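Residue numbers (this note's numbering): 1231 to 1897. Working notes, structure below.
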């Protein structure tokens, strides 16, 4: 007779100390002798812990749902999700294939207190199905975004420690109330009522009519080929393509508005026995006290409050709120990685590099957020650090999608051409919903004038993450570059609705206003953001370009002189000043500034960025008609850094040397 209890303890000890071989051996022997739900779970857990996912799936599929315990069914849902078997996951969750979902009451009746973990998995599955099958452009099996939000809200309300559900709700543009992290003691019979009330409250933010489904197939886009004889600042609007509004999301404005979740306490009709523990923290509101649940929930509440600002892209408020954490919490890799990512989105690359550097000092092998670190290093062109970063993660994390994104950025900096494409594609193969890699790949194709493929990647990125404003801006720039002003503005308005605090988007909006004939509105818009960001050169340079194209040379020169004091090493400033002096007939000054532009270009040739904006990599050149494509900005170096052509500047110098009378318009 087998000592059943003794063998169970031995298996659990093996799992605790990661002796997986013996755990599998003992659980197999035990299950062969005694077949019951507990031995099934022990063997399945041992197989899953040893990363035998397919074997775990095949083993659990031998049994009916009524033969499995609750833990085994939850594990089977997780295994099906890992293997992308979504219908099977639905069957194990609902015990039926006939419906796409069941009521929360029925779900709670099946799983009881463990329903929060099932709801979290269902939320992930429904969101993934909603996006994944649009990427594949195939028929959607089941699920929708609203169902995903419902299950995540149910998971969070049933278990306030499921912070990933809170994060997923914010990614969908839904802001749960912070009172959900209050320490509350709710009786079991009232827990379901309370959770349903919170789900209803959270779903009230979701307006199904405000989200327009993306078409299942890639839209047929009429891309206007660039006319090399036109300046992008004076593009004709005669060939505008009609905007297809059914192709994009009209976003919920909850993330860009003030927090609307200052909820009052639950009514007595919904929660009958809620006992709130009063706060008694005096020195530090979020100070952690040993063995104190209240303190820990306060820490979670502080992080959740900061996350509101993170998803609103308000860097200043986010940093202010996250710094309220005590040093033990603040000096952790995850918090520092979030801070680095936030600085990256606000184009503060120096601060971003410091935060990511500190992240790796805390934990060298940390993988999360390292793709954003490589993006930051790409922008500052730190090839040495990027090389070390890529070699480390390639040697240790070959199966991580972040590794191949890092490699792609390294190859993009060190080599020209299309060699980096295969690394970003490899990242997508590992993780088909890796929206950042889609966006970067779209930018790389845009650099190589492959607009049709670029727009495909931008749309795929948006299908994975509809609130990825960088991809919306990529579409806006693509159509702007090809002359479709109205469609460009449409996509830019969506990007601004997600992130209204980004100066690059606001500067692009000012340019579009100018191209649409609203000169004074455009200049007022530029002045507004120049006053908000006086040390940021992008808006000032755009303003100078607009004034130059409207033949307001005196006003344009004022802005350029200010830029000259801010960034004296920027060749483009002297080139623009030379153009103005030539138009005014001051050929000696024009000659002087063109020479200075050539000198600065030669001295900075190794350091010139290839016209990157804070999110893209896009090469800008002077064409035969001196067309300048403006895309990029950074904080410390003027982001309109452009790889200029020696022959074109020399031709300008030659034209001045040959004649002192002719004042032809170089445009």
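We put the CB at the ideal spot given by N, CA and C, even for glycine. The model shown is predicted, which means the values in this text are computed figures rather than measured ones.
Under the DSSP assignment, residue 1656 falls in the alpha helix (DSSP H) whose first and last residues are 1651–1660.
For residue 1543, the closest of 1586, 1619 and 1727 by C-alpha to C-alpha distance is 1727. Here residue 1818 is exposed, its C-beta having fewer than 16 other C-beta atoms within 10 Å.
When rounded, the separation of the alpha-carbon atoms in residue 1779 and residue 1803 is 15 Å. The segment 1699–1715 makes contact with the segment 1730–1744: 3 or more CB pairs, one atom from each, lie closer than 8 Å. Rounded to the nearest whole angstrom, the C-alpha separation of residue 1395 and residue 1409 is 15 Å.
For the pair residue 1282 and residue 1253, the CB atoms are not nearer than the 9 Å cut-off. For residue 1621, the number of other beta carbons within 10 angstroms of its own is below 16, and it is reported as exposed.
Judged by beta-carbon spacing, residue 1810 lies beyond the 9 Å limit of residue 1825, meaning their Cβ atoms are not closer than that value.
Look at residue 1762 here: in three-state DSSP terms it is helix.
Residue burial is scored here from C-beta neighbours: residue 1244 has at least 16 other C-beta atoms within 10 angstroms and is therefore classed as buried. Secondary structure at residue 1813: helix, using DSSP grouped into helix, strand and coil.
In this structure, residue 1830 and residue 1800 form a Cβ contact; the two beta carbons are roughly 7 Å apart against a cut-off of 8 Å. Boundaries of the alpha helix (DSSP H) harbouring residue 1779: 1767–1779, taken from the DSSP string. A distance of 9 Å or more separates the beta carbons of residue 1781 and residue 1821.
The beta carbons of residue 1323 and residue 1348 sit about 6 Å from each other, so the pair counts as a contact at 8 Å. For the 9 Å CB-CB criterion, residue 1657 and residue 1633 form a contact. Only residues of its own chain outside the window of five on either side were considered, and among them 1530 have a CB closer than 7 Å to the CB of residue 1393, listed in chain order. The way I'd put it, the segment 1302–1321 does touch the segment 1260–1275; three or more beta-carbon pairs between them come closer than 8 Å. DSSP places residue 1799 in the coil class of the three-state scheme, outside both helix and strand. Per DSSP, the unbroken alpha helix (DSSP H) holding residue 1322 starts and ends at 1316–1324. Its Cα nearest to that of residue 1308, the residue 1350 stands out among 1713, 1350, 1532 and 1343. As the crow flies, the alpha-carbon of residue 1258 is around 55 Å from that of residue 1676. About 7 Å separates the beta carbon of residue 1401 from that of residue 1697, a gap short enough to meet the 8 Å contact definition.
With respect to residue 1759, residue 1748 sits apart: the two C-beta atoms are not nearer than 9 Å.
Between the segment 1589–1596 and the segment 1558–1566, the count of Cβ pairs shorter than 8 Å is three or higher; the stretches touch. The straight-line gap separating the alpha-carbon atoms of residue 1241 and residue 1641 is approximately 47 Å.
For residue 1632, the uninterrupted alpha helix (DSSP H) segment begins and ends at 1631–1644. The C-beta of residue 1717 has 16 or more other C-beta atoms within 10 Å across all chains shown, which makes the residue buried. Contact between residue 1355 and residue 1311 is confirmed by a C-beta separation of about 6 Å, below the 8 Å threshold. Between residue 1317 and residue 1359, the alpha-carbon positions lie close to 10 Å from each other. With distances taken between CA atoms, residue 1296 lies nearest to 1266 out of 1720, 1411 and 1266. Within the model, the alpha-carbon separation for residue 1285 versus residue 1627 is close to 24 Å.
Take residue 1756, set aside five residues on each side of it, and the residues of its chain with a beta-carbon closer than 8 Å to its own are 1737, 1740, 1769, 1770, 1772, 1773 and 1776, in chain order. In the same chain as residue 1827, and ignoring 5 residues on each side of it, the C-beta atoms closer than 7 Å to its own belong to 1801, 1804, 1805, 1808 and 1879, in chain order.
One Cα belongs to residue 1603, the other to residue 1702, and the distance between them is close to 22 Å.
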